[in-house]
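*Asks:* In my numbering, the protein residues as written are 4 to 389.
Note that the Cβ used here is the ideal one computed from N, Cα and C, for glycine as well.
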Ligand code: SAH
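#1: Give me whichever residues DSSP pairs with residue 60 in a beta bridge.
#2: Regarding residue 1 and the ligand SAH, is the C-beta to nearest heavy atom distance less than 7 Å?
#3: Between residue 54 and residue 129, is the Cβ-Cβ spacing less than 8 Å?
#4: I want to check one thing, is the minimum distance from the CB of residue 209 to the heavy atoms of the ligand SAH below 7 Å?
#5: What's the call for residue 387, buried or exposed, on a 16-neighbour Cβ count within 10 Å?
#6: Over what stretch of residues does the alpha helix (DSSP H) that includes residue 141 continue unbroken?
#7: Can you check the segment 82-161 for any beta strand (DSSP E) of at least 3 residues that lies completely inside it and give the ranges in chain order?
#8: Among all residues, which have a Cβ less than 5 Å from at least one non-hydrogen atom of the ligand SAH, and in what chain order do they fall?
#9: Less than 8 Å between the beta carbons of residue 79 and residue 127, yes or no?
#10: For residue 18, I'd like the list of residues in its chain whose CB is within less than 6 Å of its CB, leaving aside the five on either flank, ordered along the chain.
#11: Is the beta carbon of residue 109 sitting closer than 8 Å to the one on residue 102?
#12: Given this structure, state the Cα-to-Cα distance separating residue 168 from residue 153, to the nearest angstrom.
#13: Which same chain residues end up closer than 7 Å to residue 284 when comparing Cβ atoms and leaving out the 5 residues on each side of it in sequence?
#14: Do you know offhand how far residue 256's Cα is from residue 44's?
#15: I need the straight-line Cα distance from residue 139 to residue 66, nearest angstrom please.
#16: When burial is assigned at 16 or more other CB atoms within 10 Å of the CB, is residue 72 buried or exposed?
#17: Go through the segment 308-372 residue by residue and report every complete run of the alpha helix (DSSP H) that reaches 4 residues or more, in order.
#18: Taking only runs that begin and end inside the segment 208-252, name each unbroken beta strand (DSSP E) of 3 or more residues, in chain order.
#19: How many angstroms separate the CA atom of residue 68 from the CA atom of residue 161?
#20: For residue 194, count neighbouring C-beta atoms within 10 Å of its own C-beta (all shown protein chains included) and say buried if the count is 16 or more, exposed if not.
#21: Which term fits residue 12, buried or exposed, when burial requires 16 or more other beta carbons within 10 angstroms of its beta carbon?
#22: Rounded to the nearest angstrom, what separates residue 36 and residue 52 at their Cα positions?
#23: Return yes when the Cβ of residue 211 is within less than 8 Å of the Cβ of residue 230, no when it is not.
#24: Report back the beta-carbon spacing between residue 215 and residue 286 to the nearest angstrom; my notes put them in contact at under 8 Å.
#25: Report back the beta-carbon spacing between residue 407 and residue 232 to the nearest angstrom; my notes put them in contact at under 8 Å.
#26: Identify every residue that forms a DSSP beta bridge with residue 49.
#27: What's the C-alpha gap between residue 200 and residue 107?
#28: Helix, strand or coil for residue 386? Go by DSSP, reduced to three states.
#29: Got a sec, what are the start and stop residues for the beta strand (DSSP E) residue 285 sits in?
#30: For a test of the three-state rule: what should DSSP assign to residue 1, helix, strand or coil?
#31: What residue from 39, 50 and 20 has the CA that sits closest to residue 8's CA?
#32: So residue 278 is in the alpha helix (DSSP H); what residue range does that whole segment cover?
#33: DSSP on residue 266, reduced to helix/strand/coil?
#34: Quick check: what's the CA-CA separation for residue 350 versus residue 315?
#35: Are the beta-carbon atoms belonging to residue 245 and residue 294 less than 8 Å from one another?
Structural data, given as structure tokens:
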């Protein structure tokens, strides 16, 4: 089998599974892009099997510590293990992220389940070439009604892959309803933003809704209104959702109607909305998109966070709550907390942390591969003047 000899002191010797181009000592056997290769240390000792893409900065991603082919049996086993884990978690296994990439031993494969409908993303070249075998394994394990391919993530570019959406199995289910907690959501898998719902946030909705009874709530970057709807259901005095996308705002209105909840939905740039707003709120939720996909853009991203934190703090009434999220892996927990604190200093306000939030457990985080953890959130209360 062709492969790579990895330089000493590379991250793979510290529990990671990726090999960057700068960590290659030698490529041997002339591997093809998308092929399975073997990794070796400089003493020729095998380190396992990996997928190979010389076009990507991450040239190899290890998926097994043994010699392993990417055949149908392999995918059936790995997806079966992923299903077993979801079955043990405190969540509905029929509405979840079934496969979370490296964390489930399938680098670049993401599979979301909405009852009988499955949404597949293949974000690495090797997995993209094998999407039909992955679909076959899913059909054997779940007999799904449909498998939708939602390969429009910007991450595919780094692997030299074009965007693509398609129905791989069955037919497009169109718009349908899913139930979560006491709420119903309208989803559209082939055309909706992301893959229908933000499944990583489902666990945070009730955590924040617990703060909402009797409060005036502002949900910024609301998408389809998950937080706002949960707060309204929990008995908020009022809920305003703000999103820049007309599609998202239409979904908020549809979901509010469906759940018989009164919600104001505003199509606006949240930065402008917060700047112009004259109202006060008791609970403000900030869940922006990833302001940065790279380390380089980190400073600009931190400036963006600082601005929304500062503006939100100015709109919060006494002893109000601020719930703020970052979904960028490059923004560490400490950096994010520092940013919030610096906004609080500028706003001359003190905050106390009442709850931390993270991606739901169906997005498990590999300890050796911190890139699998990305979502962090915190709920603070303004310390009442004393
Ligand atoms: N909280 C949501 C997920 C938010 S995703 C949920 O649980 O479903 C981020 C959202 O921010 C997207 O819906 C996107 O349309 C919106 N967005 C991006 N830039 C924005 C901006 N400048 N102002 C307002 N909304 C924005």
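*Replies:* Well, looking at it:
#1: Taking the first residue of the chain shown as position 1, residue 60 is located at position 57. Per DSSP, none; premise fails for residue 60.
#2: Because residue 1 is not part of the residues shown, which for the chain are 4 to 389, the question remains open.
#3: Within the chain shown, numbered from 1, the residue matching residue 54 stands at position 51. Within the chain shown, numbered from 1, the residue matching residue 129 stands at position 126. A contact, by the Cβ cut-off of 8 Å.
#4: Stepping through the chain shown from its first residue, residue 209 is reached at position 206. No, since every heavy atom of the ligand SAH falls outside the 7 Å radius drawn around the Cβ of residue 209.
#5: Taking the chain shown and counting its residues from 1, one reaches residue 387 at position 384. So residue 387 ends up on the exposed side.
#6: Stepping through the chain shown from its first residue, residue 141 is reached at position 138. Start and end: 134-145.
#7: 98-103, 112-117, 120-125 and 149-154
#8: Near the ligand SAH, meaning a beta-carbon closer than 5 Å to one of its heavy atoms, we find 201, 204, 224, 226, 229, 246, 247, 248, 251, 272, 273, 290 and 292.
#9: On the chain shown, position 76 is the one that residue 79 refers to. On the chain shown, position 124 is the one that residue 127 refers to. In this structure, the beta-carbon distance from residue 79 to residue 127 does not fall below 8 Å.
#10: Reading the chain shown from its first residue, position 15 is the one you call residue 18. Cβ within range, chain order: 371.
#11: Translated into positions along the chain shown, residue 109 becomes position 106. Translated into positions along the chain shown, residue 102 becomes position 99. Cβ distance < 8 Å, so residue 109 and residue 102 count as in contact.
#12: Mapped onto the chain shown, residue 168 falls at position 165. Mapped onto the chain shown, residue 153 falls at position 150. Computed Cα separation, rounded: 5 Å.
#13: Here residue 284 refers to the residue found at position 281 when the chain shown is read from its first residue. Excluding sequence neighbours, residue 284 sits near 219, 220, 221, 318, 319, 320 and 323.
#14: Within the chain shown, the letter at position 253 stands for residue 256. Within the chain shown, the letter at position 41 stands for residue 44. Cα-Cα distance, rounded: 57 Å.
#15: Residue numbering aside, residue 139 sits at position 136 when the chain shown is read from its first letter. Residue numbering aside, residue 66 sits at position 63 when the chain shown is read from its first letter. Cα to Cα, residue 139 sits roughly 20 Å from residue 66.
#16: Here residue 72 is taken as the residue at index 69 of the chain shown, counted from 1. Residue 72 is exposed by the Cβ-count criterion.
#17: 336-349
#18: 219-223 and 241-246
#19: If you number the chain shown from 1, residue 68 lands on position 65. If you number the chain shown from 1, residue 161 lands on position 158. Answer to the nearest angstrom: the Cα atoms are 25 Å apart.
#20: Position 191 of the chain shown, counted from the first residue, corresponds to residue 194. Residue 194 should be labelled exposed.
#21: Residue mapping note: residue 12 aligns to position 9 of the chain shown, counting from 1. Sixteen is the threshold: since fewer than 16 other Cβ atoms of the shown chains lie within 10 Å of the Cβ of residue 12, the residue is exposed.
#22: Start at 1 with the first residue of the chain shown, and residue 36 comes out as number 33. Start at 1 with the first residue of the chain shown, and residue 52 comes out as number 49. Going from the Cα of residue 36 to the Cα of residue 52 covers about 14 Å.
#23: Start at 1 with the first residue of the chain shown, and residue 230 comes out as number 227. Start at 1 with the first residue of the chain shown, and residue 211 comes out as number 208. Closer than 8 Å, so yes.
#24: Indexing the chain shown from 1 puts residue 215 at position 212. Indexing the chain shown from 1 puts residue 286 at position 283. With 8 Å as the limit, residue 215 and residue 286 qualify as a contact, their Cβ atoms being about 6 Å apart.
#25: Summary: the structure shown does not reach residue 407, with the chain confined to residues 4 through 389, and so no result is reported for it.
#26: In the chain shown, residue 49 corresponds to position 46, counting from 1. Its beta-bridge partners are 43.
#27: Within the chain shown, residue 200 is the residue found at index 197, counting from 1. Within the chain shown, residue 107 is the residue found at index 104, counting from 1. Counting only the Cα atoms, residue 107 lies some 20 Å from residue 200.
#28: Your numbering for residue 386 matches position 383 in the chain shown. Of the three classes helix, strand and coil, the one that applies to residue 386 here is coil, per DSSP.
#29: If you number the chain shown from 1, residue 285 lands on position 282. Element bounds for residue 285: 284-289.
#30: A question about residue 1 goes unanswered here, because the residues of the chain that appear run from 4 up to 389.
#31: Locating residue 8 in the chain shown gives position 5, counting from the first residue. Out of 39, 50 and 20, 50 has the C-alpha closest to the C-alpha of residue 8.
#32: Along the chain shown, read from residue 1 onward, the residue named residue 278 stands at position 275. Segment 273-279, the alpha helix (DSSP H) holding residue 278.
#33: Residue 266 sits at position 263 when you count from the first residue of the chain shown. Residue 266: coil per DSSP, three-state reduction.
#34: Against the chain shown, residue 350 aligns to sequence position 347. Against the chain shown, residue 315 aligns to sequence position 312. Whole-angstrom Cα-Cα distance: 10 Å.
#35: Translated into positions along the chain shown, residue 245 becomes position 242. Translated into positions along the chain shown, residue 294 becomes position 291. Cβ atoms of residue 245 and residue 294: not closer than 8 Å.
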